[in-house]
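*Asks:*
Residue numbers (the working numbering): 333 to 442.
So this is what it looks like as structure tokens:
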């Protein structure tokens, strides 16, 4: 079998999100903590929150915790204007050299 990347001992796993519901307000920073395992300690995790892709994210706690800021607005490409993340349920996942995690649900409230 291929050897895992340094610092990653298997497929990432999400155990829980804290908080599991957020309110995205303009001009505020909304943090999200992802708890689980097999996250890369180096900045090589990609976190997906619905359509939002956050790259080069490092984990702490020996690869068990990722803290990210969820932007109130996001772009899908350079030509598109930023758009708001609408209220609803979104899948959150973590991807690194070990693979792609399970999905956890994050509720965005109005």
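Note that CB positions come from ideal geometry on N, CA and C, so glycine has one too.
Computed from a prediction, not measured in an experiment: that's the story for all the values here.
1) As a quick exercise: from 346, 361, 349, pick the residue whose alpha carbon is nearest that of residue 403.
2) State buried or exposed for residue 281, treating a residue as buried only when at least 16 other CB atoms are found within 10 Å of its CB.
3) Suppose contacts are defined by Cβ-Cβ distances below 7 Å. Is residue 395 in contact with residue 373 by that definition?
4) Given residue 414, which residues of its chain have a CB within under 6 Å of its CB, disregarding the five upstream and five downstream residues?
5) Sort out for me which residues DSSP pairs residue 362 with in a bridge.
6) With distance defined between alpha-carbon atoms, name the residue in 341, 367, 438, 358 nearest to residue 393.
7) Which residue from 370, 369, 371, 354 puts its Cα closest to that of residue 363?
8) When you compare the CB positions of residue 412 and residue 424, do they come within less than 7 Å of one another, or not?
*Replies:* Checking against the coordinates, here is how it stands:
1) For the residues 346, 361, 349, the minimum Cα distance to residue 403 belongs to 361.
2) The requested residue 281 is not part of the displayed model; the chain covers only 333 to 442.
3) yes
4) 405, 407
5) 402
6) 367
7) 354
8) Not a contact, by the Cβ cut-off of 7 Å.
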